[in-house]
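Participant:
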Amino acid sequence: MSGTFNHGDVRQLAYDLTEGDGPGVVFLGGFRSDKEGTKALYLEEWAGRRGQAFLRFDYSGHGQSSGDFLDGSIGDWAEDAAAIISGLTDGPQVLVGSSMGGWISLLIARAMPEKVAGLVTIAAAPDFTEDSMWAGFDEDQRRTLMEDGQIALPSDYSDEPYIITRRLIEDGRQNLVLRTPLPLPFPTRFLQGTADVDVPPSVAYRLLDHATGPDMRLTLVKDADHRFSDPECLTLIAHSVEDVLARAAA
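As numbered in UniProt numbering, residues 1 to 250 make up the sequence shown, in order.
(1) Which ranges does the beta strand (DSSP E) cover as unbroken runs of at least 3 residues, wholly within the region 8 to 91, from first to last along the chain?
(2) For LEU153, does the count of other Cβ atoms within 10 angstroms reach 16, so buried, or fall short, so exposed?
(3) In the DSSP assignment, what residue or residues form a beta bridge with PRO151?
(4) Could you tell me whether the Cβ atoms of GLY172 and ILE108 are closer together than 8 Å?
(5) Within its chain, find whatever has a CB closer than 6 Å to the CB of PHE31; leave out the 5 residues flanking it on each side and keep chain order.
(6) Could you give the first and the last residue of the continuous beta strand (DSSP E) run that contains ARG110?
(7) At the level of alpha carbons, what is the spacing between VAL51 and VAL197?
(8) Kindly confirm or deny that the region 198 to 212 and the region 175 to 185 touch, where touching means at least three C-beta pairs closer than 8 Å.
(9) Does the distance from the CB of GLY118 to the CB of PRO200 come in under 8 Å?
(10) Using a 10 Å radius around the Cβ and a threshold of 16 neighbouring Cβ atoms, would you call THR18 buried or exposed?
(11) Going by other Cβ atoms of all chains shown within 10 Å of its Cβ, with 16 needed for buried, is GLN93 buried or exposed?
(12) Can you check DSSP and say which residues form a bridge with ILE237?
(13) If you drop the 5 nearest sequence neighbours on each side, which residues of the same chain put their C-beta closer than 6 Å to that of VAL203?
(14) So what's GLY213 in DSSP terms, helix, strand or just coil?
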């Protein structure tokens, strides 16, 4: 079932919902990604075969949802995720967060743990606006960002540059998860490629070391890149979700 979820008076979030058994699975996409990506569609097909409830959606300013991408921020997109999960799903869910979606899934786990049955992250990028973007800017770039309100960066995934806004950086600082306690009291699986140049394995090690929980594992895939979308990686994602579902039910 496809539809539009109204988040407040302004944001209309496009979604696709597969009815089925719970706990449901919710896919949270990455920065400038959308619900039509390879991993989201693969998991939807997987969920349909299992009779598993499944939700994929676009944050505001992404994909088919309303809004301008440049107006958005981590806090906005986390609010989108919290609202649509609360509004469209029943009971605790298994969150599958890819890249920025990994960060957002951690924010959801911190804000509303009662809605989380388990967590699978794929090349999770917690705090990337601070630790990757801002930390990687030189003084001229920082000055341009602060004075002009935005800066253009080249993209490896598109001919169009990334436009990074001052609001994205400043809002990101209000949503950091690696500076304060991060309890994950449910089955948690972190997946990471060793050839990921966008979110290197050191981020996964830092997340594993920082978070606390009774059932937490990190799986490294040699030579997998940030897309983590070849057949072997997709199979690993599905198996990881199945593992989390089984442990959540135990």
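Backbone N, C-alpha and C fix where the C-beta goes; we use that ideal spot for every residue, glycine too.
Facilitator: Result, derived from the coordinates:
(1) Within the region 8 to 91, the complete beta strand (DSSP E) segments at least 3 residues long are 11 to 18, 21 to 28 and 52 to 57, listed from N- to C-terminus.
(2) Under this definition LEU153 is an exposed residue.
(3) Sequence inspection shows Ile at residue 151; the Pro mentioned does not correspond to that position. Under DSSP, ILE151 shares a beta bridge with ILE164.
(4) Contact: no.
(5) MET100, listed in sequence order.
(6) Counting along the chain, no beta strand (DSSP E) covers ARG110; the unbroken alpha helix (DSSP H) around it starts and ends at 100 to 111.
(7) The sequence shown places Gly at residue 51, rather than the Val named in the question. The straight-line gap from Cα to Cα measures roughly 36 Å.
(8) As far as the Cβ criterion goes, the region 198 to 212 touches the region 175 to 185, which means the pair count is three or higher.
(9) Using a Cβ distance threshold of 8 Å, GLY118 and PRO200 do not count as a contacting pair.
(10) The Cβ neighbour count for THR18, taken over all protein chains shown within 10 Å, is at least 16; the residue is labelled buried.
(11) Under this definition GLN93 is a buried residue.
(12) Looking at the DSSP assignment, ILE237 forms no beta bridge with any residue, so it has no partner.
(13) So no residue of the chain qualifies.
(14) Note: GLY213 maps to coil in three-state DSSP.
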